[in-house]
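K.L.:
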Amino acid sequence: MNIPSDLKYTKDHEWVKIEGDVVTVGITDFAQGELGDIVYVEVETLDETLEAEEIFGTVEAVKTVSDLFLPVSGEIIEFNEALEDQPETVNTDPYGDGWMIKVKCSDVSQFDNLMSAEDYKTLIGA
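17 is the number that my numbering gives to position 17 of the sequence shown; each next residue is one higher, with no gaps.
#1: Out of curiosity, what's the CA-to-CA distance linking LYS17 and TYR40?
#2: Figure out for me which residue from ILE76, ALA61, ILE77 and ASP29 has the closest Cα to the Cα of ILE124.
#3: Decide yes or no for the touch test of the stretch 3 to 22 against the stretch 97 to 114: beta carbon pairs closer than 8 Å, at least 3 of them.
#4: For LEU68, which three-state DSSP category applies?
#5: Please name the residue or residues paired with ALA61 in a DSSP beta bridge.
Structure below.
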(Lines of atoms letter the chains of each structure in order from A and count residues from 1; the text may use other names and numbers.)
(Lines give C-alpha, C1' and ligand atoms only; values in the text may rest on other atoms or scores of the structure.)
Protein backbone atom coordinates (compact mmCIF):
# COMPACT_ATOMS: atom_id res chain seq x y z
CA MET A 1 0.00 0.00 0.00
CA ASN A 2 1.55 3.25 -1.16
CA ILE A 3 0.81 6.24 1.13
CA PRO A 4 3.34 9.04 0.42
CA SER A 5 4.27 10.96 3.56
CA ASP A 6 4.54 14.31 1.74
CA LEU A 7 0.80 14.41 0.94
CA LYS A 8 -2.31 15.12 3.01
CA TYR A 9 -5.39 12.90 3.01
CA THR A 10 -9.17 12.93 3.62
CA LYS A 11 -11.56 10.48 5.22
CA ASP A 12 -13.07 10.08 1.73
CA HIS A 13 -9.77 8.68 0.38
CA GLU A 14 -8.59 11.68 -1.60
CA TRP A 15 -4.97 12.80 -1.46
CA VAL A 16 -3.94 16.44 -1.51
CA LYS A 17 -0.65 17.97 -2.62
CA ILE A 18 -0.29 21.51 -1.31
CA GLU A 19 1.65 24.09 -3.36
CA GLY A 20 1.00 27.55 -1.91
CA ASP A 21 -2.75 28.15 -2.21
CA VAL A 22 -3.16 25.63 -5.07
CA VAL A 23 -3.79 21.99 -4.30
CA THR A 24 -3.67 18.97 -6.58
CA VAL A 25 -6.25 16.29 -5.75
CA GLY A 26 -6.60 12.62 -6.64
CA ILE A 27 -7.76 9.39 -5.06
CA THR A 28 -5.50 7.23 -2.95
CA ASP A 29 -3.90 3.92 -3.82
CA PHE A 30 -6.26 2.33 -1.28
CA ALA A 31 -9.32 3.89 -2.99
CA GLN A 32 -8.32 2.83 -6.50
CA GLY A 33 -7.66 -0.68 -5.22
CA GLU A 34 -11.10 -0.86 -3.60
CA LEU A 35 -12.82 0.47 -6.74
CA GLY A 36 -11.05 -1.86 -9.16
CA ASP A 37 -10.54 -1.06 -12.84
CA ILE A 38 -11.46 2.57 -13.43
CA VAL A 39 -13.20 3.16 -16.75
CA TYR A 40 -14.29 6.82 -16.52
CA VAL A 41 -13.57 9.98 -14.54
CA GLU A 42 -16.14 12.77 -14.75
CA VAL A 43 -15.52 16.31 -13.52
CA GLU A 44 -18.11 18.86 -14.65
CA THR A 45 -17.18 21.47 -12.04
CA LEU A 46 -14.21 23.08 -13.83
CA ASP A 47 -14.11 26.86 -13.16
CA GLU A 48 -16.70 26.49 -10.39
CA THR A 49 -16.16 27.46 -6.76
CA LEU A 50 -17.25 24.79 -4.28
CA GLU A 51 -17.12 24.30 -0.53
CA ALA A 52 -15.05 21.62 1.18
CA GLU A 53 -16.74 18.20 1.11
CA GLU A 54 -19.00 19.09 -1.83
CA ILE A 55 -19.03 16.62 -4.72
CA PHE A 56 -16.72 17.75 -7.53
CA GLY A 57 -17.08 14.73 -9.79
CA THR A 58 -17.41 10.97 -10.03
CA VAL A 59 -15.16 8.04 -10.75
CA GLU A 60 -16.65 5.03 -12.50
CA ALA A 61 -15.23 1.55 -12.15
CA VAL A 62 -16.42 -1.67 -13.78
CA LYS A 63 -18.72 -2.47 -10.84
CA THR A 64 -19.52 0.86 -9.20
CA VAL A 65 -19.65 4.66 -9.42
CA SER A 66 -18.20 6.73 -6.58
CA ASP A 67 -18.57 10.42 -5.79
CA LEU A 68 -15.46 12.56 -5.46
CA PHE A 69 -15.45 15.05 -2.56
CA LEU A 70 -13.55 18.33 -2.58
CA PRO A 71 -11.04 18.36 0.30
CA VAL A 72 -10.86 22.17 0.62
CA SER A 73 -13.05 25.08 -0.46
CA GLY A 74 -12.04 26.87 -3.63
CA GLU A 75 -12.21 27.20 -7.40
CA ILE A 76 -11.48 24.19 -9.57
CA ILE A 77 -8.93 25.61 -11.98
CA GLU A 78 -7.74 22.51 -13.84
CA PHE A 79 -8.92 19.02 -14.75
CA ASN A 80 -6.48 16.31 -15.83
CA GLU A 81 -7.83 15.90 -19.37
CA ALA A 82 -5.53 12.91 -19.99
CA LEU A 83 -7.96 10.91 -17.84
CA GLU A 84 -10.66 11.30 -20.50
CA ASP A 85 -8.76 8.93 -22.80
CA GLN A 86 -6.84 6.97 -20.15
CA PRO A 87 -8.89 6.74 -16.93
CA GLU A 88 -6.94 3.61 -15.99
CA THR A 89 -4.01 5.92 -15.15
CA VAL A 90 -5.77 6.44 -11.81
CA ASN A 91 -5.14 2.72 -11.15
CA THR A 92 -1.57 2.60 -12.40
CA ASP A 93 -0.26 5.93 -11.05
CA PRO A 94 -2.75 7.39 -8.53
CA TYR A 95 -0.26 9.87 -7.00
CA GLY A 96 1.41 10.92 -10.27
CA ASP A 97 -0.17 11.07 -13.73
CA GLY A 98 -3.50 9.91 -12.23
CA TRP A 99 -4.17 13.23 -10.46
CA MET A 100 -7.68 14.58 -11.07
CA ILE A 101 -8.04 18.30 -10.38
CA LYS A 102 -6.23 21.42 -9.21
CA VAL A 103 -8.00 23.80 -6.85
CA LYS A 104 -7.22 27.40 -5.91
CA CYS A 105 -7.98 27.19 -2.20
CA SER A 106 -10.05 30.03 -0.75
CA ASP A 107 -9.15 29.25 2.89
CA VAL A 108 -5.70 27.78 3.51
CA SER A 109 -6.57 27.23 7.19
CA GLN A 110 -8.60 24.24 5.95
CA PHE A 111 -5.29 22.45 5.34
CA ASP A 112 -5.26 21.88 9.11
CA ASN A 113 -8.36 19.65 8.73
CA LEU A 114 -6.55 17.21 6.43
CA MET A 115 -4.94 14.00 7.67
CA SER A 116 -1.27 13.15 7.72
CA ALA A 117 -0.05 9.94 6.08
CA GLU A 118 0.15 8.33 9.53
CA ASP A 119 -3.45 9.31 10.36
CA TYR A 120 -4.63 7.99 7.00
CA LYS A 121 -2.83 4.68 7.58
CA THR A 122 -4.69 4.37 10.86
CA LEU A 123 -8.02 5.12 9.12
CA ILE A 124 -7.57 2.33 6.58
CA GLY A 125 -5.93 -0.08 8.98
CA ALA A 126 -2.61 -0.16 7.10
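Glycine included, each C-beta is placed from N, C-alpha and C at the ideal position.
P.N.:
Taking the geometry as given:
#1: 22 Å
#2: ASP29
#3: yes
#4: strand
#5: ILE38
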